[in-house]
Amino acid sequence: MLKTILVAIESSKPTYRLIETLDNLQITSATKIILCHVILPQDPEMDIPLDRPHPSEEFLYQETEQQLQLYQAKLPCPSEIQIVNGDPSAEIIRLAHIYHADLIVIGTRGLTGLQRIVQGSVSSQVVADAPCSVLVVKGEE
15 MLKTILVAIE SSKPTYRLIE TLDNLQITSA TKIILCHVIL PQDPEMDIPL
65 DRPHPSEEFL YQETEQQLQL YQAKLPCPSE IQIVNGDPSA EIIRLAHIYH
115 ADLIVIGTRG LTGLQRIVQG SVSSQVVADA PCSVLVVKGE E
């Protein structure tokens, strides 16, 4: 039986497949789900256009939290929300250790070729380093 499931959600993309996958798992009221999102640190060398408003870090946090709360309300078991800053794969693995996760559910961006080499694959890194099983959910096609 799965006691703790860590669900890594990238809020910038639709996560319907991730939520559908949770519906398909045999989750009991004894299962605990941790909905997590990792906010990337801002690159100080990144060029930011000055002619447009930029959302503050607090606004991004609040927006992410509201989205996760909508998902949380649909869950049939106890759950928590974790929003952290840092490297996505490292933070997901760290949270899996903290919560003694039995399963990590993560989406994939579907990068291939040079894009995958340059940008890296969070899901591949999580699969390689996770302390538990990982279910990678393929994105919308």
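Numbered by our numbering, the letters in the sequence shown go through residues 15 to 155 in order. Backbone N, C-alpha and C fix where the C-beta goes; we use that ideal spot for every residue, glycine too.
Host beta strand (DSSP E) of residue i (start-end)
| i | result |
| --- | --- |
| Leu149 | Ser147 to Lys152 |
| Ser93 | Ser93 to Asn99 |
Same chain only: Cβ atoms within 8 Å of residue i, ignoring 5 sequence neighbours per side
| i | result |
| --- | --- |
| Gln96 | Ile48, Leu49, Cys50, His51 and Leu109 |
| Cys91 | Ile41, Thr42, Ser43, Ala44, Thr45, Lys46 and Ile47 |
For residue i, the nearest candidate out of the options (CA to CA)
| i | options | result |
| --- | --- | --- |
| Thr122 | Tyr85, Val141, Glu79 and Glu72 | Val141 |
| Gln81 | Ile33, His114, Asp116 and Leu117 | Ile33 |
| Val98 | Glu72, Leu39 and Ser135 | Glu72 |
| Ala115 | Ser93, Gly100 and Ser135 | Ser93 |
Distance, residue j Cα to residue i Cα
| i | j | result |
| --- | --- | --- |
| Glu24 | Gln76 | 14 Å |
| Asp37 | Ala44 | 15 Å |
| Arg31 | Lys152 | 8 Å |
| Leu84 | Tyr113 | 22 Å |
Residue range of the alpha helix (DSSP H) that includes residue i
| i | result |
| --- | --- |
| Gln40 | First-last for Gln40: undefined, no H or E at that position. |
Same chain only: Cβ atoms within 6 Å of residue i, ignoring 5 sequence neighbours per side
| i | result |
| --- | --- |
| Ser137 | Ile120, Thr122 and Val150 |
| Ala22 | Cys50, Ile106 and Ile120 |
| Pro102 | Val52 and Val136 |
Contact set for residue i: own chain, Cβ-Cβ below 7 Å, skip 5 residues either direction
| i | result |
| --- | --- |
| Ala144 | Ile107, Ala110 and Ile118 |
| Val148 | Ile118, Ile120, Val140 and Val141 |
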